[in-house]
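Using UniProt numbering, you'd call the opening residue of the sequence shown number 1 and step up by one each time. For glycine and all other residues, C-beta sits at the position ideal for the given N, C-alpha and C. Beneath this line is the structure, given in structure tokens, with notes to follow.
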Amino acid sequence: MSSSSPVSTPTRSTAESSVHDEKDEEDLVAPSPASIYRTFAASKQHWQYLSTKAASMCLQRDTVRLSGLTIGLPAIPDNLQGVDYLTGQATWELKSKGDSNLHKARTEGRRLWSPSRRRPTLCTITNDSRFTYSNSKSNGVALLFFGWAYILCTSLLERQRIPLRYTNNVPEAPSNQNCSDEHRFTVDLGIVSDCEFRWWSALLSPGQGWRSDRPEQPVWAIVYTGNIKFQVVGQVRVSASPRTDPPSSTQAAAFLSRFASMYNLESQAPLALAMAMTIPLHNETRSVVELPKPSLFRQDTHLTSPSSIEREYSNLSHYMTLSSNPIFLSSALWGIFWEPGVDCNLVGPWCDPIIDVVEPLVDKGDLETLAHVFALRRPTIAPLWYGIAACGQTKTITAIVPFLKTLHAPTPARPIPEVAAWTGAPQSFMDLCGSGPYEQGGSQVAREDVWRLRHECWDLEPEGTPFRNPPMSPWPPFGHMGVEELEISLRTHLGCERHRWVYARWTWLLGNGTEVVESSPNQQGLFETEGEPEPALSPVFLPTPGYSPRSMASEKAVGDIFRWASTEIEASGKSIYTHPWVDVLADFNMGLDQESDVGSDGNQTSVQRVEQWVEDLEMDGFSS
């Protein structure tokens with residue numbers, strides 16, 4: 001199985017020949033034993049392969065490559081003066097031929113978020129030097145992280161035309177002497193200007209050594225606990241007129257680059273930046289970032305290769321778009337567990353083998369191997385998982401196993417189509433265009449295709465409004481529908497070539513009618529369904545006899561994806577919508593319970609209409 005591209009569900013192997021596709025014909029929701037075993041075996045084979053390969057990996061130069069994220073990511077605007085909230089929307093264009101009944105371009109919903117917070121993120125230094133690089137004796141990830149957090153904050157404030165200042169807790173220059181105290185660490189800057197020296201002193205001081213004059217701080221702002229006291233030393237060159245204000249983002253990047261060259265930290269700079277990019281997510285979950293304990297060894301000769309810090313700084317405006325919105329980050333990160341070809345009622349058998357791989361790594365704190373596993377799974381977003389893992393046992397890390405059991409995450413884990421296009425990593429069946437004709441033998445249409453068409457054609461009829469936004473669940477509905485059960489507006493597209501939507505551009509909406517358009521250079525389209533061929537499944541990957549999947553994940557996936565379509569209940573699927581996992585009537589009753597007395601009559605009427613609809617289907621003789 002290819003870990004870098006979507007794959008199809010593997011075909012039945014000889015190892016499963018004894019398992020028959022037997023199920024209760026009255027229960028359309030429960031999957032057959034054969035499909036459960038097949039899904040479990042495919043997942044176990046795939047994730048154990050990733051785990052075995054990850055165990056032999058180590059961090060080295062180019063392990064973390066952020067540059068791949070710049071291909072589709074729009075750059076944050078240069079002028080954000082007076083802008084407190086970022087707003088934008090993606091535009092998609094239809095590239096398939098022969099469909100004159102569909103708009104040639106469509107926009108997804110507007111995204112609105114604030115790049116500022118009132119509460120900075122808390123950071124501390126741990127007692128272990130994890131995430132060490134094989135090509136360097138030094139571990140400067142924590143120190144580079146402090147620098148990148150400052151650079152990200154300053155880059156935003158410069159765009160907003162907001163000044164920043166040092167706080168009063170910046171220490172004076174200490175004497176040139178090393179400290180042996182285990183709670184102190186000496187950072188030797190060598191020959192350094194007074195401006196650079198003061199910057200490092202503020203950066204590594206307890207609390208917040210710098211800030212803007214506004215109550216709100218950039219979303220990357222951090223506060224250091226000071227559990228390790230940094231003693232910044234160096235041969236300071238005092239200028240005739242020393243600056244009292246903090247350096248610009250460009251100056252800070254130069255300071256960071258010089259420091260990295262001094263201690264052979266160039267290869268660690270992308271990881272430190274990836275860590276800083278995840279700060280908004282840790283802020284959202286109120287997590288404490290746990291940084292690796294630093295160790296510094298001077299190298300006599302400086303590297304002549306181009307600075308990785310200068311390279312990453314030139315791409316910073318692109319990274320800031322993804323990083324500034326924790327919902328974007330969450331969408332990309334949690335999307336790695338979704339798998340094409342796995343229906344919503346088979347999520348449990350797919351996730352159970354992942355738990356077997358992930359849980360031991362989380363429990364023993366082997367987050368580096370965990371990051372390698374996820375990097376192999378989705379290489380294009382590997383930097384984000386490396387960044388999350390290197391920040392320690394945050395709430396995102398500790399939520400992984402519970403998420404695989406329940407599909408509940410500490411931040412919204414819904415698919416976002418433009419994030420999938422930006423990162424080149426599909427997150428949902430809606431990101432796939434599918435293959436073959438829409439109408440299959442016997443005048444049947446796969447439900448997942450019906451869901452796609454409903455979203456694409458939502459504005460062609462008044463009843464389509466509920467389908468304006470794509471489903472929040474990435475797992476496709478199972479089964480088929482009869483052509484006669486489809487809305488008339490959808491039937492006209494059944495003879496079309498597959499609709500292939502291509503991400504075209506991102507438009508920033510900055511207020512006062514100002515728009516900034518960022519066109520996509522690579523025209524990322526919907527992803528193909530098929531990937532590399534699957535190897536035959538071995539009997540060793542089948543579950544033990546009597547295996548029973550954890551049902552909560554499947555239950556939530558089924559409920560979420562079918563409730564999205566509950567305004568268009570087809571006759572053949574009535575037993576699905578009344579199944580306890582979906583139970584659309586409960587949703588209506590919940591709405592009734594939460595309403596005031598004024599609106600109760602209208603809600604009661606709605607519930608009665610749905611109940612009558614189900615009864616009418618049964619009386620008319622429809623069978624499931």
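- Residue 446 has 480 as its beta-bridge partners, per DSSP.
- The three-state reading of DSSP puts residue 563 in helix, counting H, G and I together.
- Per DSSP, residue 129 has no beta bridge partner at all.
- Rounded to the nearest whole angstrom, the CA to CA distance from residue 563 to residue 211 is 46 angstroms.
- DSSP places residue 194 within a helical segment (H, G or I) once states are collapsed to three.
- In this structure, residue 476 and residue 448 form a Cβ contact; the two beta carbons are roughly 4 angstroms apart against a cut-off of 8 angstroms.
- In the displayed model, residue 188 falls within a strand according to three-state DSSP.
- Taking 8 angstroms as the cut-off, the Cβ atoms of residue 338 and residue 474 count as close.
- At least 8 angstroms separates the beta-carbon of residue 124 from that of residue 285.
- Residue state for residue 224 is assigned as strand, using DSSP reduced to three classes.
- Under a 10 Å Cβ-count criterion, residue 403 is classified as buried, with 16 or more other Cβ atoms of the shown protein chains found around its own Cβ.
- Between the segment 389-399 and the segment 283-300, the count of C-beta pairs closer than 8 angstroms reaches three or more; the two stretches touch.
- Short of 7 angstroms from the beta carbon of residue 375, and not among the five residues preceding or following it, lie these beta carbons of its own chain, in chain order: 382, 385, 386.
- Pairing residue 151 with residue 313 gives a Cβ-Cβ distance under 8 angstroms.
- Beta-bridge annotation (DSSP): residue 285 is not paired with any residue.
- In the structure shown, residue 217 falls within a strand segment according to DSSP collapsed to helix, strand and coil.
- In this structure, DSSP gives residue 577 a helical state, which the three-state scheme calls helix.
- Closest in alpha carbon position to residue 118, among 219, 87, 407, is 219.
- For residue 230, the uninterrupted beta strand (DSSP E) segment begins and ends at 229-237.
- If the five residues before and after residue 482 are omitted, its C-beta is found closer than 7 angstroms to the C-beta atoms of 443, 444, 572, all from its own chain and listed in chain order.
- Rounded to whole angstroms, the separation of the alpha carbons of residue 87 and residue 104 is 23 angstroms.
- With a contact defined as Cβ atoms closer than 8 angstroms, residue 207 and residue 226 qualify at about 7 angstroms.
- Closest in alpha carbon position to residue 247, among 266, 269, 153, is 153.
- Here the segment 492-499 makes contact with the segment 425-439; the two share three or more CB pairs at distances below 8 angstroms.
- Using a 10 angstroms sphere on the CB of residue 209, the tally of other CB atoms reaches 16 or more, which defines it as buried.
- Here the segment 255-264 does not lie against the segment 361-373, with fewer than 3 beta-carbon pairs under 8 angstroms apart.
- In this structure, the beta-carbon distance from residue 159 to residue 77 falls below 8 angstroms.
- In its chain, beyond the 5 residues on either side, 29, 344, 345, 581, 582 have a beta carbon closer than 7 angstroms to the beta carbon of residue 558.
- With respect to residue 43, residue 353 sits close: the two C-beta atoms are nearer than 8 angstroms.
- CA-to-CA, the gap between residue 347 and residue 553 works out to about 6 angstroms.
- For residue 377, the secondary structure class from DSSP, reduced to helix, strand or coil, is helix.
- Where residue 348 is concerned, the enclosing alpha helix (DSSP H) starts and stops at 347-363.
- Exclusion of the five residues before and after residue 327 leaves 412 as the residues of its chain whose Cβ lies within less than 6 angstroms of its Cβ.
- Bridge pairing for residue 106: 92 [DSSP].
- Counting only residues of its own chain and dropping the five nearest sequence neighbours on each side, residue 188 has a CB closer than 7 angstroms to the CB of 233, 234.
- Among the bridge pairs identified by DSSP, residue 112 is matched with 87.
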